[in-house]
Amino acid sequence: MNDKLQKYFPDLFSSHAQEIHRLYKQKLEEVAKLQNNCSSAIARQRKKIKEISVSLQEYVPDGDSHSCHASLSIHRERSSAFAEMESFLPKKNGLYLNLVLGNVNVTLLNKQSKFAYKDEYEKFKLVLTVILLLFSFMCRFIFTYRTLDAMFNFLSVWYYCTLTIRESILINNGSRLVVFHHYVSTFLSGVMLTWPEGVLYQMFRNQFLMYCMYQSFVQFLQYYYQSGCLYRLRALGERHNMDLTVEGFQSWMWRGLSFLLPFLFLFWQFYNSITLFKMAQLPNCKEWQVCRDVRLLLPGPLHGNVFTTLGVVYQKYRNNQDKPKSF
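Going by the working numbering, 14 is the number at position 14 of the sequence shown; the sequence numbering is gapless.
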């Protein structure tokens, strides 16, 4: 019987698969050793460059600005090169990832994996944004059930929690994201989830759902605006391969941003804070969800978004002054 099986299915009795697996484990061990050696070499070179910079500052004459400028330029170039190398090496997780995932290596070891993960993150964000937009529209205009509201708020909590985890992994792989807004949004969605049914909840419900619709719509516009800009800039070789937001500007970007700016400057979050402040003055206000901490926390995303947008617009004008317009 075994002879017949070996005759018709020779691969089952071949040691080729075992040999490939043995070679695979051997290469994994070699990769781990190379990673440790590379990390140690980078750390040593960083230390040497720091020592050289200190020595130059001590011994180069004060009037020799050219030498100091050349030294600083070399230091920046080497630091940038080391940062690019370290983005492909295992590194310790931050506090948030350690709390959520533990001490698990989340470093992606090649550019294809980084692109694939980033692309999947962007698609996930787009799909959930559309779902939240439709869900909030349904709760606002079609159904008024508290159960559906709770499902919507639970989905929002899960969405923002997932975003913070994914974005922390992206940051660990070299991305330069600023994710304060999603941490605050997670907390605020949890507050809405725990808000019990009552008169005050119904007073704020419709306004909050309209705000959620507006926020999802703005995120939808931002996705297409930023993805278009990043695609064009990467094609020109002017952006980092893990960038997810656009910080700099070319002249051709202003047309899209001029359309997006009115949506970014709607002070709906500030309006929510004013509404909660007025609700807190009512004699029948007993829910902790309308407490002073939440009223103060709601403007936080507003300030961050407005300052970020103002910084982007300012950078656009700076770029137009520093270099000729690109078409």
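Glycine included, C-beta positions come from ideal geometry on N, C-alpha and C.
Predicted, not measured: the structure shown is a model, and the values here were computed from it.
Assigned with DSSP and collapsed to three states, Val104 falls in coil, not helix or strand. Residues Tyr159 of the same chain have their beta carbon placed closer than 6 angstroms to that of Leu128, with the five preceding and five following residues left out of the count. The beta carbon of His182 sits closer than 6 angstroms to those of Tyr160, Leu163 and Thr164, all from its chain and outside the five residues before and after it, given in chain order.
Non-local beta-carbon contacts of Ile171 in its own chain, meaning distances under 8 angstroms to residues more than five positions away in sequence, involve Gly94, Leu177 and Val179 in chain order. Taking the C-beta atoms as reference points, Gly190 is found nearer than 8 angstroms to Val157. Taken through DSSP and simplified to helix, strand or coil, Glu19 comes out as helix. Between the alpha carbons of Glu86 and His21 lies a gap of roughly 28 angstroms. Contact check between the stretch 42 to 57 and the stretch 134 to 154: fewer than three CB pairs, one atom from each, fall below 8 angstroms, which does not count as touching. The beta carbon of Leu193 is closer than 7 angstroms to those of Ala150, Asn153, Phe154 and Val157 in its chain, skipping five residues each way along the sequence. For Glu120, the number of other beta carbons within 10 angstroms of its own is below 16, and it is reported as exposed. Our two residues, Arg166 and Phe115, have alpha carbons roughly 13 angstroms apart in a direct line. In the structure shown, Cys291 adopts coil according to DSSP, grouped into three states.
For the pair Cys285 and Leu200, the CB atoms are nearer than the 8 angstroms cut-off. Assignment of Trp195 by DSSP, reduced to helix, strand and coil, places it in the coil class.
Tyr145 carries a coil assignment under DSSP once its states are collapsed to helix, strand and coil. Counting only the Cα atoms, Gln207 lies some 15 angstroms from Trp195. The three-state reading of DSSP puts Val218 in helix, counting H, G and I together. Phe204 is not a Cβ neighbour of Thr147, given a cutoff of 8 angstroms.
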